[in-house]
Every structure is written in C-alpha cells, then in structure tokens.
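Protein chains in written order, with the numbering used here: chain A, 12 to 730; chain B, 14 to 136. Beta carbons are placed, not taken as given, at the ideal position from N, Cα and C, and that holds for glycine. Predicted model, so just to flag it, every value in this text is computed and none were measured. This report refers to the structure that appears directly beneath it.
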C-alpha cells in the first residue's frame, strides 16, 4: 500500500513538473507580445488547444507508465525480497525468488547462499543438541534407576548442605525421623536437619578434595537406628561450566555425597555372633583346662592308684560331656543368628522353580520337570535357603529311595503359594520323611547348620508331606507367603507415587541461587514454598474454634513434591460441631489419641523452615496459627502468598475466586477436596499454573507478588 | 621342710589334678573353694605360694590377690593366678594387682609345675 502511494506521488510530481514546464513555456511565449499578436496567439492556441491537451495527456500517461515500470523494478521487487527474507527467518527452508535487475538477482543469490549455509549449521547444531540431550536424559534415567535400587541410602548436597538428590532407601531411613507425618529429608532442605552439622563439617575438613578420599562417621537417628555414613566430595567439574565453578568457589568442591548404611541389624547380628564366639572360647577354657590337666596327669603318672585313676577318668568324662553340650548349644544359637540375617525378597515363583530345577539337576542325578507352574505368582522368600531345602529333600529322596524323576508345581491359594516337590510310585512313612525336616541339611558335601524346618520358619511358611494313593503321587508341599499383584507394584514404587517417577532429585539446585538477595527481590520461580491448608472445628478462631488437621506439600524449583507431604490430625481438645463434621468428614474417633496443637506446631514450623507459605485464603489459616503463638511460642514469620488474592490480581473481572472456580479456570481437576492435604495439593497446582501468568503481568519477584496482592486486597475491601 | 601351697578354685575337676600333681612333686597342699576361704586359709596356714582362680564365689581371685598384697605380712607370699578368660587386658590387670605369674587355661601341667618350682625356689 505504502509503495503504491509512493508511485502515485511520483506520478503526480512528474505530471506537475510537466504542466509547470508547459505553463512556463506558454508564459515565456506569451509575455511581451503586442495586443494583435496576443489575439493571434489566442486564436492559434484556441484552435490547437485540444491537440495540445491531448499531447500533454499522452505525455502524462507515458510518464505514469514509465514510472510504474521503474517502481515495479526498483521498489516492489526489492520490497518483496525483503519480505521473503523476513519469512525466511521464521521458516529457514524457504529461499528468495530470483527476479528483478541483475544487481538485485546477484544480491538475492548471495542471500540465498548465506541462508543455505546458516540452515545447514542450524541443523547440525540441532542434531548435536538433540543427541546430547538424549544422552543426558538416558544417563539421568540410568542414574535415577541405579539410585533408587541401591541398597544404601544416598544423599547428594551442594556445598551449603542443601539436598539435591536422595534415593528411596535414604527416604525410608529417615521417614518420620522428625515427627509423625513428615520427613526431615527433602529436596532443597538442609542436610543438617538430619545429621549434626559438626559431624559433616568434621568429615569435610578432613577430606583432601584433590585425592578424592572419603570419610566415615556413625550417626544415630531419632528413632534409634545406627547409621554408618560415608561422606565423599564431589569435585568441581574441572571448570567446564562456569556455574559449577561459581557454586564451589573457594571450596574446591561442588558438593558432597553421603552414602548411608543402616547398621542396626548388621550390628545386632554381628554383635550376637561376636558374643557367641567369645562365650564359646571363654567358657571352653575352663573345661578344656580341667580336661587337659586330668589327661596329662593320667598320662604322666601311670603309677597312680586304681582309685585315683578312676577319679581322673570321671573328670575326663564329665568335662567332655559338658563341652559337647556347650558346643551343641553354640551351634544352635549360631543357626538362629544365621536365620535372622536373611532378608526376604519378592520374586517370581516361576524363577525360583527354574533355579531349583537347575540346582537339583546339578547336585544329584535326578530328572526334574516343571508342570502346572502359575507364571503370575509372586512370593516373598529367601530364595537361596529355599533352594537349599528343596535340593536337600530331592537328594535324600534319591539317596534313600532311588527316586529319579521329580516334578515341581507352583500354584496360588489365597494369600499363600504352594510349591510342590512331587514324585510317584514310592511311598514312605510320614515319620521317616518328617524326620528329614529336623536334620541339618547336607547336599553333596555342602553342609548347613539349618534344617528344612528352620528354613520354612524363616520364610514364614510351612512344609509337609502328602500322598495321594489314587494317583500314586506323593509330594512335599511348601506353603509360602504370596505377594498380591498390587502389593508387588506398590512395594516397588513405595507409597502413593506408583504412577510417576519419584521427584527425588533436582540438579538445578546445583546452580545455587542468589541467596544474598533479600527475599522480596528473589524470583518467584526460584523460591521454595510450603503450600498448606487446615481443617478446623469452625470459622471463628477467636471464638474458640481450633485446628483439627494440617496438610501441606512442598514446591521446590517449580516442582510439586507430593511425596514430601505433611499430614497430621490434631486433637482440638474440645467438642467437634456436627456441621463441621459434614464438611471435613473428620470424626471425634479419628482425633482421639492424636497429638495436641502445641506438639504439632513445632514440627510443622520445622517443616516450613526456609520456605514461603502459600495458602488459599491464607488470612484464615494464618489467623489460627497466630492465635496459637502466645500459647506455644511458635511463630510463623515466613512470608505468605495467598492464591485467593493472586487470583484476584490475575482475573480481576471474575466473580468467584473460590478454589474450585480457579482450579476449573486453570484446567486443574479437583480431587479429594476437604482433606487438608488434598486441598493443599490443589492449591499448589493452582499456584504453579499462576506463576507464568503472573510473569506475563510483569510480576516476577516475591516482593512484586506481595505488593500486587496487597493492592487488590485494599481494592476489594473498599467495595 | 616341704613348701606349702594353697589351691583356691571352686571347680573340683581342676583341683583334683592340681592337688595330685603338686603332692607328687613333694609339696604340702591346702585347698580352698572360694575367695573368703582362701583368705582365711592363707592367714591360718601361711603357705609359700597361693594359686588363685579368677572366677570364684564370694570374692574373686583379683580381690583376694589385692587384699593379700596390701598386707605387708604376706610380702613374701608368691601368687599365681589362673583364669579361663584369655584376654590380654586381664593378664595386665592380674599382674598389676600383684600376681607373680598369670596362667591361662588350658595350661600344660608340666609348664605349671616348672613355674611353681621357679617361684618357690626363688623365695
């Protein structure tokens, strides 16, 4: 359009010049003429006017056509090329059209060549980035699986002791370590909440980071478990990233890792073993001493009287008997220690049978076949001891009754699984076979102090001998605890997070943050939040209403950490109005025996430590907390954000700012409302969706969010 | 005159051997069955050597040894301690409390006798 206007203006200017030139010529011709000449000229002009005007018109049209062609060539085509170049920025595969003057064409060709090269580079970089990302993601996944399956607890921290990663085992070790319903371990939390700062400081000080040595210490959890902790430095990544170098500046390390082993059981069983060994040696010294003295005397003084001889022999007999009994009892107790050392594990029953078939065939010349194996049965057992037991029984069947064909069968019976070791044709008496159960197991020279009975007891099962005369079949049946399908799933995932990969690590925390900034100047996206909700006996805290439940979840680095939740019922120490029960569904029975608010608040305060509080209609919940301040001495002075007010900031024209309404507006499904944790999760999801919307409105920092909340608050109360 | 030895041990099965051996070696032997009796018999019989078992009823061998060593009257008494516990710490404790010889069960009877001889000949 604009170039069209340019063309018209150019034409107008050209025509105006033409007319002006004609008029000027006419004026030059006309000026200074006599009256007669004027009249003559006028008559000539009058006669030729049509032709002159025609010539002028044709000249104008010619000018217009000339200018239009020039415009097309010199203005429109370059402009089009510029547009195409603009489009090329967005869609790098397009190219400029070759047209216009040869100069323009040369330019277009050059631009196209540049574009070609640029596109190739872009694609190359893109491919490399994708490959690198895929590799990093694969590494990360491998790493996450490794971590979560590790038998030791692992916690990784940045140099300030903030937790960047922990695994399932670590979580299990510290679950509930600082009160019911919450864990002291969480992403972004301080590790000093778990271990004494001095223990870690000592370990780190004594570490030579260049040598990458590690240090151990022993710690005791609040629940009395004995932990062996290895602290290892994570050296700076040889200044490959500026960030890493910054984070570890001055320390030479970018963080450290702790590996935690629960020694409680190992320690118990080891100390039992030690004690056993010590008792055995010490209690044997006396009797062996007596025995030796008597024996040596007998040997060296063969001339003693018959009476003396008899007395010395009696000593030998007594002491030998006593020693035998002592050794026997020690062996029994050692077997008990062995039993307690076996951890039970979940395994597919079919896998156990396959292993049993191989093991039996390896150790005795017996044909073993599998039939009727229910492939869906999981059992919780100590696989190795069961294999030993089956192999032992098979070996005795072969050795004593020449049975050469055995079958293994697996089926499920309610809560239990059956594993049958079946043979046909030969029956033996039940007494004979049951005696096998009580003998220590020996197969092909491998002896175990345990009996088949010990093994089934250890596995929480039973074993018996059964026969079926009609079908000429006899079998040993092992009855073992089965694992239900759901249980097997949840046992793997642990708790309520079976669906998603747990959010146990967050390496973005490695980058460190501008902690030296005042809280109000820090970015909303980088803060850690505790989103909470309370259920109460009523709506008037000043009139004696009390908190009966506190639920909370954490947000760290814009991630909702559902599994780091706080969920605690509170005994209100007053009656529960019936109409409030209708809302929250919490009954007096559920509150009986729960801790009172003065015990819960200190725990909750440590849960919210160093985070910004978020609640829907926070003023209500905060009022309850404030009223308890005088009685409990627990102050909640962390900054507070209110999703109710933030909603009013974001959607000033909406009528409702109820949690359901906001959730619906933001496309969040509302489940489990009116349990404190359920509401806290919905509020947290709402809050996370609000963060980008707030950024669109220019609200980036905590201070800005608080200020705008305050403004709407005043605006609203004015109405 | 034959040297006199006190054997203080509550286990008859070791006393029988010790008593027999020492008598065969020509010593006069007195037996006590617990710590209190051992102290009484040392005072009454004034032996040249006391063989004390650590684990005895009433008063253990350490206590008896300590009591005897605090009494200047028995500064010439030789003390041999016997124990069923072989810990080095215990050996140190026994020697510190004044035992001349500390023997751990099971011991060789020949070694015991040679130790006894050395102790008493020195006296």
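Burial state of residue i, where buried means 16 or more other Cβ atoms lie within 10 Å
| i | result |
| --- | --- |
| residue 136 of chain A | exposed |
| residue 503 of chain A | In this predicted model, residue 503 of chain A has a pLDDT of only 37, less than 50, meaning its place in the structure is not dependable; the value taken from the coordinates is given anyway. The residue is exposed, with fewer than 16 neighbouring Cβ atoms inside 10 Å. |
| residue 253 of chain A | For residue 253 of chain A, the pLDDT reaches just 43, beneath the cut-off of 50, and the residue's location in the model is therefore unreliable, leaving the point undetermined. |
| residue 428 of chain A | buried |
| residue 321 of chain A | exposed |
| residue 648 of chain A | exposed |
| residue 26 of chain B | buried |
| residue 229 of chain A | exposed |
| residue 360 of chain A | buried |
| residue 66 of chain B | buried |
| residue 810 of chain A | This structure cannot speak to residue 810 of chain A, because chain A is shown only from 12 to 730. |
| residue 132 of chain A | exposed |
| residue 595 of chain A | buried |
| residue 113 of chain B | buried |
| residue 425 of chain A | exposed |
| residue 317 of chain A | exposed |
| residue 335 of chain A | exposed |
| residue 127 of chain B | exposed |
| residue 55 of chain A | exposed |
| residue 184 of chain A | buried |
| residue 554 of chain A | exposed |
| residue 27 of chain A | exposed |
| residue 70 of chain B | exposed |
Chain A contact residues for residue i, given Cβ-Cβ distances below 9 Å
| i | result |
| --- | --- |
| residue 117 of chain B | 296 and 300 |
Partners in chain B for residue i, counting only beta-carbon separations shorter than 7 Å
| i | result |
| --- | --- |
| residue 312 of chain A | 37 |
| residue 322 of chain A | 29 |
Listed by chain order, chain A residues near residue i by CB distance under 7 Å
| i | result |
| --- | --- |
| residue 32 of chain B | Those do not exist, as residue 32 of chain B stays about 10 Å from chain A at its closest Cβ, beyond 7 Å. |
| residue 24 of chain B | 297 and 301 |
Proximity of residue i and residue j at Cβ, strictly below 8 Å
| i | j | result |
| --- | --- | --- |
| residue 326 of chain A | residue 305 of chain A | yes |
| residue 564 of chain A | residue 576 of chain A | yes |
| residue 119 of chain B | residue 299 of chain A | yes |
| residue 580 of chain A | residue 602 of chain A | yes |
| residue 470 of chain A | residue 397 of chain A | yes |
| residue 558 of chain A | residue 547 of chain A | yes |
| residue 660 of chain A | residue 723 of chain A | yes |
| residue 391 of chain A | residue 492 of chain A | yes |
| residue 463 of chain A | residue 403 of chain A | yes |
| residue 36 of chain B | residue 42 of chain B | yes |
| residue 242 of chain A | residue 211 of chain A | yes |
| residue 48 of chain B | residue 77 of chain B | yes |
| residue 486 of chain A | residue 441 of chain A | no |
| residue 573 of chain A | residue 692 of chain A | yes |
| residue 132 of chain B | residue 116 of chain B | no |
| residue 622 of chain A | residue 541 of chain A | yes |
| residue 96 of chain A | residue 122 of chain A | yes |
| residue 606 of chain A | residue 582 of chain A | yes |
Chain-ordered chain B contacts of residue i [CB-CB under 8 Å]
| i | result |
| --- | --- |
| residue 1 of chain A | Since the first and last residues shown for chain A are 12 and 730, residue 1 of chain A lies out of range. |
| residue 578 of chain A | Result: empty, since nearest Cβ-Cβ is about 53 Å, beyond 8 Å. |
| residue 330 of chain A | 26 |
| residue 319 of chain A | 33 |
Distance cut-off 7 Å: residue i Cβ against heavy atoms of the ligand FAD
| i | result |
| --- | --- |
| residue 685 of chain A | Ligands are entirely absent from the displayed structure, and the ligand FAD is therefore not among its contents. |
Chain-ordered chain A contacts of residue i [CB-CB under 8 Å]
| i | result |
| --- | --- |
| residue 121 of chain B | 303 and 307 |
| residue 98 of chain B | 293 and 296 |
Contacts of residue i in chain B (Cβ-Cβ under 9 Å)
| i | result |
| --- | --- |
| residue 326 of chain A | 25, 26, 27, 29 and 30 |
| residue 290 of chain A | Neighbours of residue 290 of chain A on chain B: none; closest Cβ ~11 Å, over 9 Å. |
- Message: Short of 9 Å Cβ to Cβ, which residues in the region 407 to 437 of chain A face chain B?
- Response: So nothing in the stretch comes that close.
- Task: Just list the alpha helix (DSSP H) runs in the region 25 to 78 of chain B, keeping only unbroken ones of 4 residues or longer that don't cross its boundaries, in chain order.
- Result: Contiguous alpha helix (DSSP H) elements confined to the region 25 to 78 of chain B occur at 25 to 37 and 48 to 58, taking only those with 4 or more residues.
- Ignoring anything shorter than 4 residues or poking outside the region 311 to 391 of chain A, list the alpha helix (DSSP H) runs there in chain order. As summarised for the region 311 to 391 of chain A, the continuous alpha helix (DSSP H) elements at least 4 residues long and confined to that stretch are 317 to 351 and 360 to 374, given in chain order.
- Item | Start-end ranges of the beta strand (DSSP E) lying completely within the region 432 to 492 of chain A, minimum 3 residues | Considered as a whole, the region 432 to 492 of chain A harbours 451 to 454, 457 to 462 and 473 to 479 as its complete beta strand (DSSP E) runs of no fewer than 3 residues, in chain order.
- Message: Quick check for students: name the residue ranges of the beta strand (DSSP E) that lie wholly in the region 636 to 686 of chain A, counting only runs of 3 or more.
- Response: The beta strand (DSSP E) runs lying completely inside the region 636 to 686 of chain A and spanning 3 residues or more are 651 to 653, given in chain order.
- Message: Please give the ranges of any alpha helix (DSSP H) in the region 85 to 158 of chain A, keeping only runs that are unbroken, at least 4 residues long and fully inside the region.
- Response: Listed in chain order, they are 88 to 101.
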